[in-house]
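Data block below; observations after.
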Amino acid sequence: MKKRILLSLVLALGAAVGLGIVYTVMTGQTLAVVFTLTGPQGEFDPTAQSPAPDYADMSNWAALPQTQDLADITPAGVSPRTRAAPVDVFFVHPTGYIKASQWTSPMDPDSSTEDNTRWMLANQASVFNFCCEVYAPRYREGALKIFFGDRRRKDSVLDFVYGDIDAAFTYFLDNFSKGRPFVIASHSQGSSLAMRLIERRIDGTPLRERMVAAYLVGSPAGDVSELRVARLRSIRACESGAELHCIIHFATYARGSQAALGVRVPEPMLCVNPLSWTKNGSASAADHLGAVASTGTFDLSPFGDDTPAEVAFGPLGQPEVGITDADCWDGLLLVSDMSNQPVGKDLAMPGGNYHGLDYPLFHMNLRRNALERVSAYMRNTLAREAVVAEATVQ
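This is the structure we're talking about:
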């Protein structure tokens, strides 16, 4: 029976590939069934994974300030930064390992997985390239399949993968950041890992004072819940647009959609509205500063081998202003129907799951807010230094 179901899905998805609509076809129940029946099988064995990356090797960084990469691109009409930024961003990219043969990525630079990582740099990490110097480690990310099925296995894989993020963050602090302030940013699997990073390395330590803010967007399975954030000792959820040392999280769905009504998570997710920057807040379309349609193609099909598709990335388009309002509801961020909007052309899943739109739909709001928080941090730093200087003179 499983083989017959899988064959039917293969034929349907094969037709979808020919039409270039794999991403939108593979949604909801179909996506869950496909990833249950395909990909790595058996139990997760940490000893059977590829060797750990050495972050002293610059090829293990997907984005660095000293290299030209897709994290550097800006939307049409938006001025690029022309001088060094005073703050760094440590960006943990989401899942790109879709055509998985093992539970964690072998980090093959010549692969479809790497194409997907480049997509994330262009359409997500680029949000932060005006406020900050962008650092994004490659890592042995978990296969997408871990989010469909056994939660125990998912947690085991993510705990293993977290070791790479911890090592990359240590290298970042010791060799790149060197005492500078930083932003933590992430999406999806990256947000599950970044939440661990905040709990284990930043909360309750001197690093908390250096962390401007954390944009942990679109966490899967509710890994950035309101209760989990409330348990932190020295870091809390952001409640305003200029607040510092705090966490932003939202997960985007179409208002009234089947996807939104069907969300099942252990605890309500944290929802900080990216239009108003208030926790559990609402905002009108007048506050929407601009969506930016994605460039390149993200490959969500699990079929075939992990060979690259030579994805072409053009410039980012003109921001689309005022196309949605946004309301936090029961931990979800609810927005207008995006299926007929340019930004939603490839990323608005049928059923109303807008996971792929978390960054593109709010590109300009995120871009401006990151700059506002960095500016507030630098003003506070200058004020503290002035007080110290005055006290020293006296």
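If you're matching positions, the sequence shown starts at 921 in the working numbering and goes up one per residue.
From the three backbone atoms N, C-alpha and C, an ideal C-beta is built for every residue, glycine too.
Simplified DSSP assignment, three categories, for residue i
| i | result |
| --- | --- |
| Gly962 | coil |
| Met978 | helix |
| Thr1301 | helix |
| Asn1043 | helix |
| Ile1168 | strand |
| Ala1246 | strand |
| Gly1124 | coil |
| Phe1282 | helix |
| Gly1069 | coil |
| Met1131 | strand |
| Ser1177 | coil |
| Thr1024 | strand |
| Glu1292 | helix |
| Ala1213 | coil |
| Val954 | helix |
| Gly1224 | coil |
| Ser1145 | strand |
| Arg1156 | strand |
| Leu1267 | coil |
| Lys1098 | coil |
| Val1183 | coil |
| Lys1019 | coil |
| Ser1076 | helix |
| Ala983 | strand |
| Val1255 | strand |
| Gly1161 | coil |
| Leu1195 | coil |
| Ala968 | helix |
Outcome for residue i when other beta-carbon atoms lying within 10 angstroms are tallied against a minimum of 16
| i | result |
| --- | --- |
| Val1315 | Shown here, the chain extends from 921 to 1314; a query on residue 1315 therefore has no answer. |
| Met1315 | Only positions 921 to 1314 of the chain appear in this structure, which leaves residue 1315 out of reach. |
| Arg1299 | exposed |
| Asn1260 | exposed |
| Val1241 | exposed |
| Gly1272 | buried |
| Ala1088 | buried |
| Gly997 | exposed |
| Arg865 | No answer is possible for residue 865: it lies beyond the span of the chain, which begins at 921 and ends at 1314. |
| Arg1003 | exposed |
| Ser1097 | buried |
| Gly1224 | exposed |
| Arg1153 | exposed |
| Pro1235 | exposed |
| Lys1019 | buried |
| Leu1230 | The question names Leu, but residue 1230 is Glu in the sequence shown. Classification of Glu1230: exposed, given that the 10 Å Cβ count is below 16. |
| Gly1176 | exposed |
Neighbourhood of residue i by C-beta distance below 7 Å, restricted to the same chain and skipping five residues each side
| i | result |
| --- | --- |
| Met1027 | Ser970, Pro973, Arg1058, Arg1060 |
| Ala1110 | Inspection of the sequence shows that residue 1110 is occupied by Gly rather than by Ala. So the qualifying residues of the chain are Val1012, His1013, Pro1014. |
| Gly1210 | Pro1239, Glu1240, Val1241, His1283, Met1284 |
| Pro1186 | Gly1142 |
| Leu1195 | Ala1203, Asp1207, His1208, Ala1246, Asn1285 |
| Gly1138 | His1107, Ser1108, Ser1111, Ala1171, His1275, Asp1278 |
| Trp1197 | Cys1158, Ser1160, Gly1161, Asn1289 |
| Arg1116 | Tyr1082 |
Nearest-angstrom beta carbon gap, residue j and residue i [assumed within contact, 8 Å]
| i | j | result |
| --- | --- | --- |
| Ala1134 | Ala1114 | 7 Å |
| His1274 | Met1284 | The residue you asked about is not His; residue 1274 is Tyr in the sequence shown. Not a contact, Cβ separation roughly 17 Å. |
| Gly1251 | Met1189 | 4 Å |
| Gly1216 | Ala1042 | 6 Å |
| Val1132 | Arg1288 | About 14 Å; that fails the 8 Å criterion. |
| Leu1277 | Ala1290 | Wrong, their Cβ atoms sit about 18 Å apart, outside the cutoff. |
| Ile1168 | Leu1136 | 7 Å |
| Ser1031 | Pro1222 | Actually they are not in contact, since the Cβ atoms of Ser1031 and Pro1222 sit about 14 Å apart, beyond 8 Å. |
| Glu1170 | Leu990 | Inspection of the sequence shows that residue 1170 is occupied by Phe rather than by Glu. Not really, about 24 Å apart at Cβ, beyond 8 Å. |
Contact with chain B by residue i, beta-carbon distance below 9 Å
| i | result |
| --- | --- |
| Leu1254 | Protein chain content of the structure displayed is limited to a single chain, and chain B is not contained in it. |
Cut-off 6 Å between Cβ atoms - residues of its own chain near residue i, not counting five sequence neighbours on either side
| i | result |
| --- | --- |
| Ser1202 | Asp1247 |
| Thr994 | Pro1000 |
| Glu1353 | What the structure shows of the chain is the stretch from 921 to 1314, and residue 1353 is not part of that stretch, so it cannot be assessed. |
| Gln1044 | His1107, Tyr1279 |
| Ser1295 | none |
| Met946 | Confidence at Met946 is low in this model, with a pLDDT of 39, below 50, so the placement of that residue should be treated as unreliable; the coordinate-derived value is given next. Within the same chain, Met946 has close Cβ partners Leu1220. |
| Arg1073 | Phe964 |
| Ile941 | Reliability of the predicted coordinates at Ile941 is poor, the pLDDT of 28 falling under 50, and no value is obtained from them. |
Strand pairing of residue i, partner residues [DSSP]
| i | result |
| --- | --- |
| Glu1034 | According to DSSP, which records beta bridges pairwise, Glu1034 is partnered with nothing at all. |
| Ser1112 | Looking at the DSSP assignment, Ser1112 forms no beta bridge with any residue, so it has no partner. |
| Tyr1091 | DSSP output for Tyr1091 lists no bridge partner at all. |
| Glu1053 | Asp1008 |
| Leu1236 | Pro995 |
| Ser1106 | Val1012, Leu1136 |
| Asn1273 | Tyr1173 |
| Met1189 | Ser1145 |
| Ala1203 | Ala1246 |
| Gly1062 | Thr1024 |
Residues near residue i by beta carbon distance below 8 Å, same chain, minus five either side
| i | result |
| --- | --- |
| Leu931 | Note that Leu931 scores a pLDDT of 32, beneath 50, so its modelled location is shaky; the value from the coordinates is reported in the next line. Answer for Leu931: no residue qualifies. |
| Val1047 | Ala1105, Tyr1279, His1283, Leu1286, Arg1287, Ala1290 |
| Gly1083 | Ala972 |
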